[in-house]
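Peer 1: Chains as they are written, first to last, in the numbering used here: chain F, 75 to 390; chain D, 75 to 390; chain E, 75 to 390.
All C-beta atoms, glycine included, are put in the ideal place defined by N, C-alpha and C.
I am attaching a structure below and will ask some questions about it afterwards.
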Amino acid sequence: MTLSYIAEILKSDFKGVDIEITGINTLKDANSHEISFVSNSKYVKDIENSKAAAIILSESLVEHLPKACLPLVVDNSYLSMAILSKYFAPPIEDDSLPKALIGEGSKISPKAEIANGAKIGKNCTILSHVYIGANAIIGDNTIIYPSVTIYRDCKIGSDCIIHANTAIGSDGFGFATNSLGQHTKIYQNGNVVIEDDVEIGSNVSVDRAVFGTTLIKKGVRIDNLVQIGHNCEIGEYSVFVAQSGSAGSTKLGRNVVVGGQAAFAGHLEIAPFSTFAARSGVTHNIKESGKTFSGFPLMDHKQWLKLQVKIARLLK
Amino acid sequence: MTLSYIAEILKSDFKGVDIEITGINTLKDANSHEISFVSNSKYVKDIENSKAAAIILSESLVEHLPKACLPLVVDNSYLSMAILSKYFAPPIEDDSLPKALIGEGSKISPKAEIANGAKIGKNCTILSHVYIGANAIIGDNTIIYPSVTIYRDCKIGSDCIIHANTAIGSDGFGFATNSLGQHTKIYQNGNVVIEDDVEIGSNVSVDRAVFGTTLIKKGVRIDNLVQIGHNCEIGEYSVFVAQSGSAGSTKLGRNVVVGGQAAFAGHLEIAPFSTFAARSGVTHNIKESGKTFSGFPLMDHKQWLKLQVKIARLLK
Amino acid sequence: MTLSYIAEILKSDFKGVDIEITGINTLKDANSHEISFVSNSKYVKDIENSKAAAIILSESLVEHLPKACLPLVVDNSYLSMAILSKYFAPPIEDDSLPKALIGEGSKISPKAEIANGAKIGKNCTILSHVYIGANAIIGDNTIIYPSVTIYRDCKIGSDCIIHANTAIGSDGFGFATNSLGQHTKIYQNGNVVIEDDVEIGSNVSVDRAVFGTTLIKKGVRIDNLVQIGHNCEIGEYSVFVAQSGSAGSTKLGRNVVVGGQAAFAGHLEIAPFSTFAARSGVTHNIKESGKTFSGFPLMDHKQWLKLQVKIARLLK
Numbered sequence: 075m076t077l078s079y080i081a082e083i084l085k086s087d088f089k090g091v092d093i094e095i096t097g098i099n100t101l102k103d104a105n106s107h108e109i110s111f112v113s114n115s116k117y118v119k120d121i122e123n124s125k126a127a128a129i130i131l132s133e134s135l136v137e138h139l140p141k142a143c144l145p146l147v148v149d150n151s152y153l154s155m156a157i158l159s160k161y162f163a164p165p166i167e168d169d170s171l172p173k174a175l176i177g178e179g180s181k182i183s184p185k186a187e188i189a190n191g192a193k194i195g196k197n198c199t200i201l202s203h204v205y206i207g208a209n210a211i212i213g214d215n216t217i218i219y220p221s222v223t224i225y226r227d228c229k230i231g232s233d234c235i236i237h238a239n240t241a242i243g244s245d246g247f248g249f250a251t252n253s254l255g256q257h258t259k260i261y262q263n264g265n266v267v268i269e270d271d272v273e274i275g276s277n278v279s280v281d282r283a284v285f286g287t288t289l290i291k292k293g294v295r296i297d298n299l300v301q302i303g304h305n306c307e308i309g310e311y312s313v314f315v316a317q318s319g320s321a322g323s324t325k326l327g328r329n330v331v332v333g334g335q336a337a338f339a340g341h342l343e344i345a346p347f348s349t350f351a352a353r354s355g356v357t358h359n360i361k362e363s364g365k366t367f368s369g370f371p372l373m374d375h376k377q378w379l380k381l382q383v384k385i386a387r388l389l390k
Numbered sequence: 075m076t077l078s079y080i081a082e083i084l085k086s087d088f089k090g091v092d093i094e095i096t097g098i099n100t101l102k103d104a105n106s107h108e109i110s111f112v113s114n115s116k117y118v119k120d121i122e123n124s125k126a127a128a129i130i131l132s133e134s135l136v137e138h139l140p141k142a143c144l145p146l147v148v149d150n151s152y153l154s155m156a157i158l159s160k161y162f163a164p165p166i167e168d169d170s171l172p173k174a175l176i177g178e179g180s181k182i183s184p185k186a187e188i189a190n191g192a193k194i195g196k197n198c199t200i201l202s203h204v205y206i207g208a209n210a211i212i213g214d215n216t217i218i219y220p221s222v223t224i225y226r227d228c229k230i231g232s233d234c235i236i237h238a239n240t241a242i243g244s245d246g247f248g249f250a251t252n253s254l255g256q257h258t259k260i261y262q263n264g265n266v267v268i269e270d271d272v273e274i275g276s277n278v279s280v281d282r283a284v285f286g287t288t289l290i291k292k293g294v295r296i297d298n299l300v301q302i303g304h305n306c307e308i309g310e311y312s313v314f315v316a317q318s319g320s321a322g323s324t325k326l327g328r329n330v331v332v333g334g335q336a337a338f339a340g341h342l343e344i345a346p347f348s349t350f351a352a353r354s355g356v357t358h359n360i361k362e363s364g365k366t367f368s369g370f371p372l373m374d375h376k377q378w379l380k381l382q383v384k385i386a387r388l389l390k
Numbered sequence: 075m076t077l078s079y080i081a082e083i084l085k086s087d088f089k090g091v092d093i094e095i096t097g098i099n100t101l102k103d104a105n106s107h108e109i110s111f112v113s114n115s116k117y118v119k120d121i122e123n124s125k126a127a128a129i130i131l132s133e134s135l136v137e138h139l140p141k142a143c144l145p146l147v148v149d150n151s152y153l154s155m156a157i158l159s160k161y162f163a164p165p166i167e168d169d170s171l172p173k174a175l176i177g178e179g180s181k182i183s184p185k186a187e188i189a190n191g192a193k194i195g196k197n198c199t200i201l202s203h204v205y206i207g208a209n210a211i212i213g214d215n216t217i218i219y220p221s222v223t224i225y226r227d228c229k230i231g232s233d234c235i236i237h238a239n240t241a242i243g244s245d246g247f248g249f250a251t252n253s254l255g256q257h258t259k260i261y262q263n264g265n266v267v268i269e270d271d272v273e274i275g276s277n278v279s280v281d282r283a284v285f286g287t288t289l290i291k292k293g294v295r296i297d298n299l300v301q302i303g304h305n306c307e308i309g310e311y312s313v314f315v316a317q318s319g320s321a322g323s324t325k326l327g328r329n330v331v332v333g334g335q336a337a338f339a340g341h342l343e344i345a346p347f348s349t350f351a352a353r354s355g356v357t358h359n360i361k362e363s364g365k366t367f368s369g370f371p372l373m374d375h376k377q378w379l380k381l382q383v384k385i386a387r388l389l390k
């Protein structure tokens, strides 16, 4: 899509060299064929360093643009980005893609659906009512139980097990809300990548990234009914117990243990080898590794135990 | 089913004009061809104003019946209603219904199942392993991802998106328990109506109403793994973040925001533009609109923040 | 599999009479054709009383073995058991099993998949996209809604209802972690047994036992999005409200009521007729029956109400 056409969609002025734009991305990650957006003046530094071809922004931020970057001036940059995201959404399925490739020794139920463009490795077991979307890639020896849905463009590693009725790559929860309280969907054009040796329970939701990738690293174990928000990054060998979850863009180090019904707010960074007791509510970064936490608000686990004793005393 | 036959089922005496009864409903909503029930003397006023053809009740409440309304006297009216509800349950599928109607431009996977009596609008995308039940109606341009189940009689609007493995119209959680602790199912003979421009995440459960309708209004956004109980009404543009839920019969105004893992007790009324922080537990009505709440027990969000500071001081 | 071959897998010495081993089991439940394991010296008594053919253990515990029981000495008995568990895992499907048996009057959707070895009783309704695994057994009059997955070897009673997208028999959450933080799967070679007259909501996960059975007794009612961990035992007529759950091996008596989002830690025993308010967090046994609890940490419900008043006073 050309930059001039994008300007037309956004009803923004356009001056400069017209080029082909391949997608939308963050200020930090956009390359010279992508556009970005900024809705908050606290990201001025990121504007100045951005390699994006153009940035959707308000008039007041134009002065911070690098030379090679064109402005797309709008009133509400977040809403404009949402409107534009739809134009970059690929079709859910695409008949023009080549027929799926199935590796040697893989057993695919005739009642599974493997969309065009998908690739399945060797010795996999794909059971009935599984859906593997367009361009999805599955490694070797992976077992996918019935009624699992793998959305398009997602990648599952080798030696993985995914239990029944789990959804990998459903849309992240993103929308822009206008002054009337109406929501415009932000199309989630990223994907999910699950590395090797990961096991995921039943009825789990792992959302695809808005841009880029939701990443589940090697050796992770996820129990049933867990929510992983868009753009999360789950470190190697981390463990999520049942009914726990993470909001979007949170990054866990390796071997983090998340107790049952515990949850993370979005955009956090969690040190490796952290342990969170059941029902912990994590709303700030954890910088020191190897510690154990409890409660909501979160505190050191031993402090939490002490606090419960103090609280019980209130009754006396 | 005739009133005299119903009396026979309930082993209740029957005197009066025998008429055909089309269903069971609440005291307030029952019309002159429906029967109702009452299990609590605090609803005397509703008995007096009811338009029901007959009411299942205990001997002691008969005096409050309006003239046009016949008594069906039983020992345990709630259990009697449960027993009767089964007789009004339609078949899950019905071969005698006409073949499903599919609107122009809609793309239905051959691995989806569209039951007889269903109607699908124009330009919809219905992916593999989707089930659309008897007499269900889907609007135009709606996308239904794999392994979604839409139960019979439910209606989905236009421009909706429903993500993988979500269940719309599963039975509400209702049963009558006898003195031995045994449960009798209350058949959930209502439906779910989802208005236009609603997006629902993956692994969500929206239960059908016991009578009437569970209603999700225009523009609502529901994240993954959310529970919506029977007979809820979710106001326009309201937002449920992942793993939140509502028990039955709760009514939310427009633009209510429900944080992750937050939950509502049943039978509440929540003012529009209310915001509930993650893990709020809401057990009373909210009358004033536009406020923000936290905690369980629920309190004003600022009070909750103050309280956490006070609680932390207990440790010193 | 012979004992000598098992010793070879575990790189353990083997002396004695070689016999055929049929499975792995707990110290208490293993019979004379099974092997067991022990990873903690507090189970010395169970070693002494075990009927297992052989026990995987560390050198230091060998002295406690009964005469008829052979030692399989290893460094890390829990990890060794995990490694061995894979060898006892049956195939997910087995073409050599006889074609499924379907009882008279049962209506099976052509879009359901009934694996070889399964048996379905009379007058059942099995809807589209249901999967019934190898050797699974379904009683009479049972209704299974779309996209339910029943894993192999599980048994569902008569007069049951299982709602859409529920998984019965997915693997329990079990693994052994080595000193590098890497996890080895413990294959869950047990099953799930659901007795008669049980109703289970949509998007529920009931995990299969690691050994033995996860048991849901007669008349139980489970709402949507509930987690039942491996080896749990849920007493007759117990009730789980939406989004509640139990970790593994917890045993509930009859008519226990579990409120919404409440949860149990693992390995607990809960007296019959106990009631847990919404969001209770249960981490210890309940010995006295008929009481009502709230909160996390859990307390008597009336105490919890008092405590909330005291806590509210902190704000003054």
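1) Which chain F residues are close to D/N215, counting only those with a beta carbon under 8 angstroms from its beta carbon?
2) Are the C-beta atoms of D/D169 and some chain E residue less than 8 angstroms apart?
3) Between which two residues does the beta strand (DSSP E) harbouring D/R282 extend?
4) Please list the terminal residues of the continuous beta strand (DSSP E) segment that includes E/I130.
5) With a 10 Å radius around its C-beta and 16 neighbouring C-beta atoms as the bar for buried, classify F/A352 as buried or exposed.
6) For F/A229, tell me which candidate among F/Q256, F/G191, F/N329 has the shortest Cα-Cα distance.
7) D/L326 to D/G293, Cα distance in whole Å?
8) Of all the options D/G369, D/S170, D/N329, which has the alpha carbon lying nearest to the alpha carbon of D/I296?
9) Below 9 angstroms between beta carbons is the criterion; list the residues of the stretch 223 to 239 of chain D that meet it against any residue of chain F, in chain order.
10) May I have the straight-line CA-CA distance separating E/K119 from D/D149, to the nearest angstrom?
11) In whole angstroms, give me the CA-to-CA distance for F/K185 and E/K185.
12) How many Å lie between F/Y117 and F/T100 at the Cα?
13) Alpha carbon to alpha carbon, what distance is there between D/E94 and D/E108?
14) Report all residues from its chain with a CB closer than 6 angstroms to the CB of F/T393; omit the five preceding and five following residues, and keep chain order.
15) Comparing the C-beta of F/E307 with each C-beta of chain E, is any distance below 8 angstroms?
16) What is the DSSP secondary structure of D/V266, reduced to helix, strand or coil?
17) What residue ranges within the stretch 105 to 168 of chain E form continuous alpha helix (DSSP H) runs of no fewer than 4 residues, ordered along the chain?
18) Around the Cβ of F/E307, are there at least 16 other Cβ atoms within 10 angstroms (buried) or fewer (exposed)?
19) What separation, rounded to the nearest whole angstrom, lies between the Cα atoms of D/G213 and F/H341?
20) Which residues does DSSP list as the beta-bridge partners of F/Q301?
21) Taking 8 angstroms as the limit between beta carbons, can you name the residues of its chain near F/A81, skipping five residues before and five after?
22) Where in the stretch 200 to 281 of chain F do unbroken runs of the beta strand (DSSP E), each at least 3 residues long, occur, reported from the N-terminal end onward?
23) D/P140 versus chain F: which residues are under 9 angstroms apart at the beta carbon?
24) Rounded to whole angstroms, what's the CA-CA distance from F/A208 to F/D169? Just pull it up for me.
25) Between E/H341 and chain F, is any beta-carbon pair separated by less than 8 angstroms?
26) Going by CA-CA distance only, name the one from D/S312, D/N298, D/G303, D/V331 that's closest to D/G322.
27) Helix, strand or coil for F/A337 per DSSP?
28) Under 8 angstroms between beta-carbons, which chain E residues line up against D/N277? List them in chain order, please.
29) Residues of chain E with CB under 9 angstroms from F/K196, in chain order?
30) Quick check on E/R387: does DSSP put it in helix, strand or coil?
31) Taking Cβ to Cβ, would you say F/E269 is nearer than 8 angstroms to F/G231?
32) Could you check whether the stretch 273 to 293 of chain F touches the stretch 235 to 254 of chain F, counting it as contact only if at least three pairs of C-beta atoms, one from each stretch, sit closer than 8 angstroms?
33) Taking the beta strand (DSSP E) that F/L289 falls in, what are its first and last residues?
34) Establish whether the CB of E/T199 and some CB of chain D are separated by less than 8 angstroms.
35) With 8 angstroms set as the bound, which would you pick, yes or no: does the beta-carbon of D/Y219 sit closer than that to a beta-carbon of chain F?
36) How should F/S221 be labelled, buried or exposed, when 16 other C-beta atoms within 10 angstroms of its C-beta is the threshold for buried?
Peer 2: In this structure, then:
1) The premise fails here: D/N215 is roughly 13 angstroms from chain F at the closest Cβ pair, so nothing lies under 8 angstroms.
2) no
3) 279 to 282
4) 128 to 131
5) buried
6) Note that residue 229 of chain F is Lys in the sequence shown, not Ala. When only C-alpha atoms are compared, the closest one is F/G191.
7) 14 angstroms
8) D/N329
9) I235, H237, A238, N239
10) 55 angstroms
11) 8 angstroms
12) 11 angstroms
13) 9 angstroms
14) Because residue 393 of chain F is not part of the residues shown, which for chain F are 75 to 390, the question remains open.
15) no
16) strand
17) 118 to 123, 151 to 159
18) buried
19) 37 angstroms
20) F/S279, F/G319
21) D87, F88, L146
22) 241 to 245, 249 to 251, 257 to 259, 265 to 268
23) Simply none; closest approach about 43 angstroms.
24) 9 angstroms
25) no
26) D/G303
27) strand
28) N239, N277, L299
29) Ordered by position in chain E, no residue passes the 9 angstroms Cβ test against F/K196, which lies about 17 angstroms from the chain.
30) helix
31) yes
32) yes
33) 287 to 290
34) yes
35) yes
36) buried
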